[in-house]
Amino acid sequence: MSEDAYRLTSPDGLEMELPIRKGTVGPDVIEIARLYREHKVFTYDPGFVSTGSCESDITYIDGEKGILMYRGYPVEQLAEHSSFIEVAYLLIHGDLPKVDQLAAFDNTIRRHTMLNEGMLSFFKGFRYDAHPMAMLSAVVGSMSAYYHDEMDATNPDHRDIFAHRILAKLPTIAAAAFKLNIGQPFMYPRNDLNYTENLLHMLFAVPAEPYEIDPVAADALDLLFILHADHEQNCSTSTVRMAGSSGANPYSAIAAGVAALWGPAHGGANEAVLNMLEDIGDVSQIGKYIDKAKDRNDPFRLMGFGHRVYKNFDPRATIIRGMCYKVLDRLGSQDTPLFDLALELEQIALKDDYFIEKNLYPNVDFYSGIIYRALGIPTSMFTVMFALGRSVGWTAHWREMIVDPTGRISRPRQLYTGPLARDYTQIEKR
Ligand code: CMC
């Protein structure tokens, strides 16, 4: 018997030995891949609360200590010193780039920003008030109709081109969706601008007059994109991996990830936080909403609070809260009352026994919407902004999954609780 094994005894006295695997850091993992073949039982873990689905060397989270690292680098250091494009290189290629590597990568991304002109005409078909996440997932899915000559997942060059296209074109698609919603002409990308400057230009410039890019706005977006870039096996990333595991083309896998991100328990929470803060409206109403969140019979939850992995402060929320002060100070104070309300809500919740006992802290979505709103980005676009940052993580995970020699199609099992076998009865006899 190996020392590094977990031993279980079945109800009929059968000994099972399950190998234990160790990562570079973090809890050990009990390998159960052969459990069914050797012992004819499955494990049961709805929501994958205790289940690791893959091996990965991209991102590490310690939810007890509030630690997040990309490729070993603490997110706080990347937030302070790096840029989104550099972090994208790090996540996709595994190491920080040298000067010439970063310049080449940045240049490549700038030169892939235009959409095939045919794709732009899709936007004429959407209703003017279509949700931008609906348009994003549809148009990203349609990329496979335009770039199918270069999507052979076994070809490393094609995998690189896919990564460049996703990273470079998502802002253009996002901006086109925004412009449709507000009835303004689409603005073509400008390759002389960096990633976030170009996004601001495509969102807010109009052909009729020059648009001046505010460096504080560009920096704030860059920071938010760094903080959203990856978060290991979250719902949308797992969706990308799962869709991709069937051999589906990568654009379809990313479109599936966009759809999964949209839900209010995931990336849709940033939109839900702002709606909630507006509903609360005033500090005097906070108590009422805290009570609603604690009431088991009320479906209301404090949006932007709680996390599957973090049982401590989400380090991203702390950094974003700091950025809120800078952005609100620079861009004017009209959103300051909303920020003050969020700060007060955080303080009251953190002192409440319910939130203390359940380890519920503000997550990445609690403060991000305040920054987006101060930049003039409407609530419906918040989750799209999340998707732009997370597109890097989705891409890195898809690339890791596709070359994993142990990779197989994702196909969980179930605990069947339906009827036993019964005979078909003719309709007139039922
Ligand atoms: N407000 C009130 N109670 C909560 C909240 C909340 N925001 N979050 C969790 N709880 C309670 C929940 O009712 C449960 O109580 P009990 O044990 O008595 O049944 C307990 O805390 C554990 O919650 P859970 O739903 O079992 O935990 P989970 O890991 O399945 O869900 C979550 C995590 C993030 C979906 C959840 O905390 C939540 O719905 N939060 C609000 C939505 C949100 O902010 N989502 C963004 C997540 S971070 C960014 C991202 O992933 O995109």
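When you line the sequence shown up against this note's numbering, it's residues 1 to 430, in that order.
Here a beta-carbon is modelled for each residue, glycine too, at the ideal position from N, C-alpha and C.
Please classify ASP335 as buried or exposed, where buried requires at least 16 other C-beta atoms within 10 Å of its C-beta.
ASP335 is buried by the Cβ-count criterion.
Is ASN443 close to ligand 1? I mean its beta-carbon at under 7 Å from any heavy atom of the ligand.
Outside the modelled stretch of the chain, which goes from 1 to 430, sits residue 443, for which no answer is possible.
Can we count HIS307 as close to ligand 1, meaning its CB is less than 7 Å from some heavy atom?
Under cutoff, so the answer is yes.
Could you tell me if HIS112 is buried or exposed, where buried requires 16 or more neighbouring beta carbons within 10 angstroms of its beta carbon?
Buried, because 16 or more other Cβ atoms sit within 10 Å of the Cβ of HIS112.
When you measure from the CB of ASN312 to every non-hydrogen atom of ligand 3, does any distance come out below 7 Å?
The model depicted lacks ligand 3 and carries ligand 1 instead.
Measure the C-alpha to C-alpha separation of ASP4 and ARG21 and round it to an integer number of angstroms.
Whole-angstrom Cα-Cα distance: 8 Å.
Counting only beta-carbon atoms, is PHE339 nearer than 8 Å to chain D?
Included in the structure is just one protein chain, with no chain D present.
Does the structure place the stretch 251-269 close enough to the stretch 135-142 that three or more beta carbon pairs sit under 8 Å?
In short, these stretches touch, since the Cβ pair count reaches three.
From LEU331 to ASP214, what distance separates their C-alpha atoms?
So the alpha carbons of these two residues sit roughly 9 Å apart.
Pick out the complete beta strand (DSSP E) segments inside the stretch 112-140, 3 residues or longer, and give them in chain order.
Qualifying beta strand (DSSP E) stretches: none in this window.
On a CA-only basis, which of ALA177, ILE348, GLY281 and ASN234 is nearest TYR60? Give me that one, please.
Measuring from the Cα of TYR60, the nearest candidate turns out to be ASN234.
Does LEU14 pass the burial test, meaning 16 or more other C-beta atoms within 10 Å, or should it be called exposed?
Per the 10 Å Cβ criterion, exposed.
At what residue ranges does the stretch 25-110 contain a whole run of the alpha helix (DSSP H), taking only runs of 4 or more?
The stretch 25-110 contains these whole alpha helix (DSSP H) runs: 35-39, 75-81, 84-93 and 99-110.
Residue range of the beta strand (DSSP E) that THR9 falls in?
It spans 5-9 - the beta strand (DSSP E) in which THR9 sits, taken as one unbroken run.
Determine, using beta-carbon pairs with one atom in the stretch 279-288 and one in the stretch 154-163, whether at least three such pairs fall under 8 Å.
Cβ pair count under 8 Å is below three, so no.
Using a Cβ-Cβ cutoff of less than 8 Å, which residues in the same chain neighbour MET16 once the five nearest sequence positions on both sides are dropped?
The residues are ARG7, LEU8, THR9, SER10, LEU35, GLU38 and HIS39.
What are the residues that DSSP puts in a beta bridge with ILE20?
Answer by DSSP bridge pairing, in chain order: ILE30.
In chain order, what are the residue ranges of uninterrupted alpha helix (DSSP H) at least 4 long that sit wholly in the stretch 206-265?
Runs of the alpha helix (DSSP H) inside the stretch 206-265: 215-228, 235-245 and 250-261.
Taking DSSP's pairing of strands, which residues face GLU15 in a bridge?
THR9, per the DSSP bridge assignment.
Quick test of your reading: PRO189 and VAL384, contact by CB under 8 Å. State the CB separation rounded to the nearest angstrom.
About 16 Å separates the two Cβ atoms, so there is no contact after all.
Which two residues bound the contiguous alpha helix (DSSP H) that contains THR395?
Here the alpha helix (DSSP H) through THR395 covers 382-403.
Buried or exposed: which applies to ASP230, given that a residue is buried once 16 or more other Cβ atoms fall within 10 Å of its Cβ?
It is buried - the Cβ of ASP230 has at least 16 other Cβ atoms within 10 Å.
Does at least one heavy atom of ligand 1 sit under 7 Å from the Cβ of LYS288?
Every heavy atom of ligand 1 is 7 Å or more from the Cβ of LYS288, so no.
Taking the beta carbon of MET1 as the centre, do at least 16 other beta carbons fall within 10 Å, making it buried, or is it exposed?
Only weak support is given to the placement of MET1: the predicted model assigns it a pLDDT of 47, under 50, and the question is left unresolved by the model.
Could you give the C-beta distance for ILE85 and TYR195, rounded to a whole number, given that I count them as a contact under 8 Å?
The Cβ separation is near 6 Å, so the contact holds.
Do TYR310 and ASN249 have their C-beta atoms within less than 8 Å of each other?
For TYR310 and ASN249, no; Cβs fall outside 8 Å.
Just verifying my parser: in three-state terms, what is the DSSP assignment at PHE355?
Helix, per DSSP.
Indicate the three-state DSSP secondary structure (helix, strand or coil) for PRO362 in the structure shown.
DSSP places PRO362 in strand when its eight states are reduced to three.
Reducing DSSP to helix, strand and coil, say where ASP423 ends up.
Residue state, collapsed to three classes: coil.
Could you tell me which residues DSSP puts in a beta bridge with PHE305?
Note: PHE305 sits in a beta bridge opposite PRO362.
Any chance the CB of PRO264 is under 7 Å from a heavy atom of ligand 1?
Correct: PRO264 has its Cβ closer than 7 Å to ligand 1.
Keeping to the same chain, check which residues put their C-beta closer than 6 Å to that of GLY369; ignore five residues upstream and five downstream.
Excluding sequence neighbours, GLY369 sits near ASN270, VAL273, LEU274 and PHE382.
Buried or exposed, going by whether 16 or more other CB atoms sit within 10 Å of the CB of ASN470?
Any property of residue 470 remains undetermined from this structure, which presents the chain solely from 1 to 430.
Using the Cα positions of ASP57 and ALA387, report the straight-line distance between them to the nearest angstrom.
So the two alpha carbons sit approximately 22 Å from each other.
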